[in-house]
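Undergrad: This note's numbering puts the first residue of the sequence shown at 411, with every later residue one more than the last. Ideal Cβ placement from N, Cα and C applies to all residues, glycine included. Every value quoted in this text rests on a predicted model; they were computed, and no experiment measured them. For reference, the structure I am asking about is given below.
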Amino acid sequence: MAKGTVLVSGGAGYIGTHTTVALVEAGYDVVVIDNFSNSEPSAIKGVENILGKKINFVEIDTCNIVDLRKVFENYKFESVIHFAAYKAVGESMTEPLKYYQNNLVSYMNILQLMKEYGRPNVLFSSSATVYGDADILPVTEETPRKPATSPYGNTKQMAEDILHDCCRAYDGFYGIALRYFNPIGAHTSAQIGELPRGVPNNLLPYITQTAAGIRECLSVFGDDYDTPDGSCLRDYIDVLDLAKAHVAAVDRMTEGRMKEKYEIFNVGTGRPVSVLELITRFEKANDLKLPYKIVGRRDGDVPAVWADTSLANEELGWKAERDLDDTLRACWAWEKHLRNIK
411 MAKGTVLVSG
421 GAGYIGTHTT
431 VALVEAGYDV
441 VVIDNFSNSE
451 PSAIKGVENI
461 LGKKINFVEI
471 DTCNIVDLRK
481 VFENYKFESV
491 IHFAAYKAVG
501 ESMTEPLKYY
511 QNNLVSYMNI
521 LQLMKEYGRP
531 NVLFSSSATV
541 YGDADILPVT
551 EETPRKPATS
561 PYGNTKQMAE
571 DILHDCCRAY
581 DGFYGIALRY
591 FNPIGAHTSA
601 QIGELPRGVP
611 NNLLPYITQT
621 AAGIRECLSV
631 FGDDYDTPDG
641 SCLRDYIDVL
651 DLAKAHVAAV
661 DRMTEGRMKE
671 KYEIFNVGTG
681 RPVSVLELIT
691 RFEKANDLKL
701 PYKIVGRRDG
711 DVPAVWADTS
721 LANEELGWKA
731 ERDLDDTLRA
741 CWAWEKHLRN
751 IK
């Protein structure tokens, strides 16, 4: 007997695929929707290879409420995890309307239909970007949100506010926002991992593509920040740990353990790692040397951010467990699998 059914929007994406696997392994049924605007059909195949069975998958654009309504008509689910969004900070600086249109319309369509069909539980994929350039580190859930440094970050702040208002206004409507930090890694099977289209915006895919010879040189955006080695400090969390946090949050909602109708949790490791340190750790973990160069700072980047995760540890019963070196080895194993490198 399944624990329940979860709709996973954007479930063919990086975090969506790993969370889908974790949900099924935890005893949930899933319905995955995606339009492959920033993912590949092979990701669904990878999920099915890991699980050894087919999953319910519907190819739709969540911005199309007519198509989305058919999913609500055809499948019974109590909870939704909403991942479907564009996520490149740099691109959002040059294409803000693209980000507001896609990230907010798709999200409000989900919420509208959840309300209309009486589906109670919404888990929103939020981000540490809502904290902006925080005055005090590590950040807690009580840390004041700063004005977003990018349109991408602004869509996350706005989406949190929308969910908060819906939970306050509508009976039988519950929401959790998981603010996660910098997801990295890949499934230990090397069947799924981060698969960016074109030039990667995130650090780890650029590192692995440089190691594979696809990129000539890795760029480090700035070495003059007020940090120990001058490069940005981030909280890098293994995607497998992150996936388990989503399962813990769905458990909390479906088991009626929420203390408020709307809750927020930081999901990170609580350990800051610099960009230059991560490069060095990757080289050592995989016995490689990477060509890299220091270039100018990138618009939208904050110097440092990492999480205080004590609330998630206590309330969700969840904690990041994966070792960073194991994570970095899994990244390289995934890249080698992808490129057929022996």
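#1: Taking 8 angstroms as the cut-off, decide whether the C-beta atoms of Y590 and I647 are in contact.
#2: Can you list, in chain order, the residues of its chain with a C-beta nearer than 7 angstroms to that of L726? Leave out the 5 residues immediately preceding and following it.
#3: Between which two residues does the beta strand (DSSP E) carrying N696 extend?
#4: Buried or exposed: which applies to N445, given that a residue is buried once 16 or more other Cβ atoms fall within 10 Å of its Cβ?
#5: Check the DSSP bridge columns for F467 and list the partner residues they point to.
#6: For R456, tell me which candidate among T598, N531, Q619 has the shortest Cα-Cα distance.
#7: Considering N519, what are the terminal residues of the alpha helix (DSSP H) in which it resides?
#8: Indicate the three-state DSSP secondary structure (helix, strand or coil) for S560 in the structure shown.
#9: Buried or exposed: which applies to I594, given that a residue is buried once 16 or more other Cβ atoms fall within 10 Å of its Cβ?
#10: Using only the alpha-carbon positions, how far apart do T429 and L652 sit?
#11: Have a look at L698 and F692 and give me their C-alpha separation to the nearest angstrom.
#12: If you run the structure through DSSP and keep just helix, strand and coil, what is R589?
#13: If you draw a straight line from the C-alpha of T415 to the C-alpha of D735, how long is it?
#14: Of all the alpha helix (DSSP H) runs that stay within the bounds of the stretch 611-688, which reach a length of 4 or more residues?
#15: How close, in whole Å, do the beta carbons of S419 and F493 come, if the pair is a contact with beta carbons under 8 angstroms?
#16: Based on Cα-Cα distance, which residue from E724, A432, K497, L628 lies nearest to K669?
#17: May I ask you to report which of helix, strand or coil DSSP gives A412?
#18: Please name the residue, chosen from I586, D581, G582, that lies closest to D571 on a Cα-to-Cα basis.
#19: Measuring straight from C-alpha to C-alpha, what distance separates I704 and V649?
#20: Excluding five sequence neighbours on each side, which residues of the same chain lie with their C-beta closer than 6 angstroms to the C-beta of K729?
TA: Let me spell this out:
#1: Using a Cβ distance threshold of 8 angstroms, Y590 and I647 count as a contacting pair.
#2: A655, A658, A659, R662, F675
#3: Premise fails: N696 lies in the alpha helix (DSSP H), 685-696, not in any beta strand (DSSP E).
#4: buried
#5: V442
#6: The displayed chain sequence assigns Gly, not Arg, to residue 456. Comparing Cα-Cα distances from G456 to each of T598, N531, Q619, the minimum goes to T598.
#7: 506-526
#8: coil
#9: buried
#10: 8 angstroms
#11: 8 angstroms
#12: strand
#13: 34 angstroms
#14: 613-621, 649-664
#15: 6 angstroms
#16: E724
#17: coil
#18: The shortest C-alpha to C-alpha distance from D571 to any of I586, D581, G582 is the one to I586.
#19: 27 angstroms
#20: N723
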